[in-house]
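To start, the structure under review is shown below, and the notes come after it.
Residue numbers (our numbering), protein chains in the order written: chain E, 1 to 351; chain Y, 1001 to 1351; chain C, 2001 to 2351; chain Z, 3001 to 3351.
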């Protein structure tokens, strides 16, 4: 393994959350964590070399690849009819759902080596991309898939369209990947909201246009007003929820213009539900709310190609702020939860 | 006037609700109610004849027309950029926002005559359509616009697609118009849920395939299970909220398949908000929720043409179950709230 | 086999055409013709029962099924990235590309029994549908896929939208299936053009609104003018080419309104190319031309469900005008080329 | 006027072409050329200040604006139903259709001052943009509108999607604006084809990834093969025609992958038509061909905002290679036709 990035899912799992959202996606301990995986092919069989790659010639030993986090069954209703999305009824994923108690055991990325099961897709990394850029592929693919679900084309004002103003609630690792994606998809302005000054400052260096700090704008109402002030009183075209806090929904909806779109990506854990206004925030606003968990697997390959073309203008690798060895994984995980980190990567061979 | 149908908005207004949803859409008493209007042109000026019609030659006296409920300013951000939708910041509408206290006073459809303001669009009624069919145009246009916002094309499984299974929560006048629209847009199966046996029975005669009665399935959980049983355990592709009850949202979301779409059209009035699960019902489900109030004005003309082509196979006119004279308007309004009515029309000249 | 409909491809093959359009789609004689297949499962293995069906429980002997005409490899670029479309680089199809010289030989539908290869999808037929309706599934699926490629949603005037006026050039079997599809997708008016009075008359009985006969309107210019006259001088929103004649393209483009869409489905055989105007008919007209061969395989299942829901209002089965036994297949094929037939079906057990 | 860029239309007009493509778009001499206009508001009336701007507060004297090239009637079928597109049946445009023989005469941009007619839209220029960047707005808007018509969303492989490989035939001013747009919309790779080494070299500096020179690849077959070699033998996802040569269509279609999209923007002038294969290049290829002339007017405002956000990473202003005074306009026009120029601008006050 070249590296495995720490994801919000890992943080939830560390804090004891066992249910990862999708039906049947339950953590089965013991696990080797790590599903945002970048590695080098060590050994590969002939059939696997052909069927595990989505594009180009068969894979060979020595090639650098991103490994899809999910394995789908190809036979259930969702696999047959909504191809590519990990909505599979028999869905498994590395680093959490797939336990390491069964041989050959090595089913997570925070490790020297990893065993890749039949049915997994792997994606060649363009030579232009550094390891630190490539290890962002999974989270970039989430953003690609999510924007893909919101997209309705440049000549439309439904869903996301290029030249839109995008608000990102929570500019941690998932938030910054959504900011990168918004930029690559032609957003005119990106506004980030967070409580970490460290993350807001870094976000500005990485292409975010405006920031709203919870330290300065402590109340929901102040933050909503700031977004309105930045948008001629109209509200944003697109708001992206990347906080993990389900109770942020009402605030996000109030930041939308009429007919605006709300992408909800982060709110993975919840108990009691959250309160919104069906009449004012949905019907009268003509709002569009889209939940996005996972991504079509083709998104991995596509974001790698886009990142290779944008690497000169977008400093993707600066989003990786910390690296830890496998031995120090727990320290790394704790760092990833602290506000003075962005993406934290576990890498067996620190460079 | 040939007729003016009673809408949910009229019912809300009668019960004292003053705020109609869209920003600035506040009832200014006194009003002459009636915004789902069908009439015959009595007198029309030369410029109006050209500019008030969206298609075909200038209007002439004697022509039968449907009159758009909304007048937009053509100059605000929404008018300029999201043309056709009544999201105008200076929006006015007949029968509620436009008071009859100002001359020439006749700004509602429950009347012998009505004055149509400059900037209003009017739509010729195809000769094939009866008055009772044509008077459904406004509510059909709401459904057309709403399905339009959900539509993503036959080869997609995002949003609504032909051959989908559609659940309609609440099969009153708005619900039945959505059922008509679903049928005309190629739905494979339509399931209606209501507490009125009268409406469920009528819905079956009008093309609904399955019904779920609140009298038989009293609990939310029973109704959800019925929908799952009808869909191989997957849930519906599209659920349409036409109840007016914001607290129905959670039930509707649980009836969706993964990646399904929820059109919220009826929940116009609300005070305390409603509770949903951001993680389970939106993110993990990859749900799409779309609020739809109003419609692009072109929808009026388009539904009239579609209804003309489908009138032999869909008995639209049977949805008009009661007609009252202007004098009996209050009796009519009360009837429209009772469970043994579908669409109620105020018509000056009872036929 | 319950029946196998004769397709344009069969007619081309009979006349000696060996190349069927898609790359690699070359007829390998000897063949048993027949790829629009309806049959009853005789024997099926356990794994096939699960993997050959796209929806619902495993298949069982005795179930009535439509058999996908195409087998794709699941591993090439197109299979991986554009799932469902038969653009597979290793594409094979029954009745033409798959020769019957190899065992077990029975690879075509004009026969008592047919052998279904691993990787083929099969689709349960709803009990409401008669055999004559179900045997139209393949050609209906072509129309579904084609309209799917043109569809841009009801609130758009790009591509096909409900309430559009649709012109169909050539109202033979492919044309009439496109007319059925247009009707089920909410077209406001369908205009059919043909040289066969028999087909035009039948088309009117099957839901076409207007017909243009080549016997009355012999010149291209007359036919274009008739379409303009029927559309306020604007041209049609959608024109569908179902003639098989590539030289019809220029006429079809002239029948479009500005920004209109042209679906080209029939022009399978050609030698010298055809002449169109890039400036006048494409750029200045802002035209959209979409070629459609084959269909996403899910379309089979979806059209069967739609047909079941529309069978009371659309008399699909009347499109099957002739049936022949396997022994009389050549007579049937000749009949299918004559102007006084619509769909011709080869059925082993004439009923 | 701050500047007015020379467009292909001006070159056609100079060479005597009188018909500009859209119905009724006929040059009426005498004209003051110039429709890609950037200026400063000198005097504006109160009503015009409100109605001529599409977003934000009323316009004021001294503000820098891009002036829409087209004036539409707002009342014809296209204005009513396909808002924003210049498909107006009473369409007029500055610098060509609108003659300067009528008072107040100043209806073209190659001048000190220009008179802007009621009904024209004007777009504020973000302060971040230089004059040389802003003067590209009209041609960028053409590209935005064209990509908008091709766009089908990131999760689709229909039409254009981010991460696609884009071929641009002809990398003159229109071609380079399409390359800029492709980059801002997330293309993974842009391949430019031209006969001018000057333009190809400049294109590489401006973000094009690969170039194919007609000097090295003289035959159509060689160029097609080069594109296939760059795309694993598949062909490009999107090809954009910006040559003005209608006979390039066949070559462009052969460069597409199965299901690829061909945007035709440049082929404005033609006499005898061009030959393509309906069967091989459209039907069997499942190709999508989209003609694009003009743009929705909102595109002006949207590209200005996008350019402001991308100006640090895309050197738009380098595309303006030559500037001439109004007195030297003819010299400028001649230079614009020569292969060693990209965008040529007429500017009254050379800076």
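Glycine included, each C-beta is placed from N, C-alpha and C at the ideal position.
Close Cβ partners of residue i (< 7 Å) along its chain, the five nearest in sequence each way excluded
i	result
residue 3295 (chain Z)	3141, 3142, 3144 and 3145
residue 3275 (chain Z)	3250
residue 3230 (chain Z)	3191 and 3210
residue 2243 (chain C)	2169, 2170 and 2266
Nonlocal neighbours in the same chain, by C-beta distance under 6 Å from residue i, ignoring five residues either side
i	result
residue 2073 (chain C)	2079, 2088 and 2090
residue 317 (chain E)	130, 132 and 133
Three-state class that DSSP yields for residue i in the structure shown
i	result
residue 1085 (chain Y)	coil
residue 3101 (chain Z)	coil
residue 2054 (chain C)	coil
residue 3122 (chain Z)	strand
residue 3106 (chain Z)	coil
residue 340 (chain E)	coil
residue 3317 (chain Z)	helix
residue 2262 (chain C)	strand
residue 224 (chain E)	helix
residue 3152 (chain Z)	coil
residue 1280 (chain Y)	helix
residue 92 (chain E)	strand
residue 2322 (chain C)	strand
residue 3142 (chain Z)	helix
residue 2345 (chain C)	strand
residue 2048 (chain C)	helix
residue 250 (chain E)	helix
residue 2176 (chain C)	helix
residue 1009 (chain Y)	helix
residue 231 (chain E)	coil
Same chain only: Cβ atoms within 8 Å of residue i, ignoring 5 sequence neighbours per side
i	result
residue 3260 (chain Z)	3235, 3236, 3237, 3238, 3239, 3285, 3287 and 3288
Those residues which DSSP pairs with residue i across a bridge
i	result
residue 2019 (chain C)	C:2026
residue 298 (chain E)	The partner list for residue 298 (chain E) (beta bridge, DSSP) is empty, contrary to what the question assumes.
residue 212 (chain E)	E:193
residue 1241 (chain Y)	Y:1169 and Y:1264
residue 2065 (chain C)	C:2039 and C:2124
residue 236 (chain E)	E:256
residue 3070 (chain Z)	Z:3093
residue 3160 (chain Z)	Z:3151
Task: Within 8 Å of chain C by C-beta, residues of the stretch 77–90 of chain E in sequence order - done: 77, 80, 81, 83 and 84
Task: Cβ contact (3+ pairs, closer than 8 Å) linking the stretch 3295–3307 of chain Z and the stretch 3269–3287 of chain Z - done: no
- [ ] Would you be able to state if there are at least three C-beta pairs under 8 Å between the stretch 3254–3270 of chain Z and the stretch 3115–3128 of chain Z?
- [x] no
Task: Proximal residues, the stretch 3040–3061 of chain Z versus chain Y, C-beta separation under 7 Å - done: 3050, 3051, 3054 and 3055
Open item on the list: Whether or not the stretch 1052–1071 of chain Y and the stretch 1120–1129 of chain Y are in contact is what I'm after, with contact meaning three or more pairs of Cβ atoms, one per stretch, closer than 8 Å; do they touch?
Closed with: yes
TODO: Count the CB pairs spanning the stretch 1330–1350 of chain Y and the stretch 1171–1187 of chain Y that are closer than 8 Å, and state whether there are at least three.
DONE: yes
Task: Interface positions of the stretch 3113–3126 of chain Z facing chain E (Cβ-Cβ less than 7 Å), listed along the chain - done: none
- [ ] For the stretch 1026–1038 of chain Y and the stretch 1094–1114 of chain Y, state whether three or more C-beta atom pairs, one from each stretch, are separated by less than 8 Å.
- [x] yes
TODO: Can you give me, in chain order, the residues of the stretch 3270–3302 of chain Z that have a beta carbon less than 8 Å from any beta carbon in chain Y?
DONE: 3298
- [ ] Identify each residue in the stretch 3181–3198 of chain Z for which the Cβ-Cβ distance to at least one residue of chain E is less than 9 Å, and report them in chain order.
- [x] 3181, 3183, 3184, 3185, 3186, 3187, 3188, 3189 and 3190
Open item on the list: Does the contact criterion of 3 or more C-beta pairs under 8 Å hold for the stretch 1309–1328 of chain Y versus the stretch 1161–1168 of chain Y?
Closed with: no
Task: Residues of the stretch 3062–3076 of chain Z whose Cβ lies closer than 7 Å to any Cβ of chain Y, in chain order - done: 3075
TODO: For the stretch 1312–1329 of chain Y, enumerate the residues whose C-beta is nearer than 7 Å to any C-beta of chain C, in chain order.
DONE: 1313
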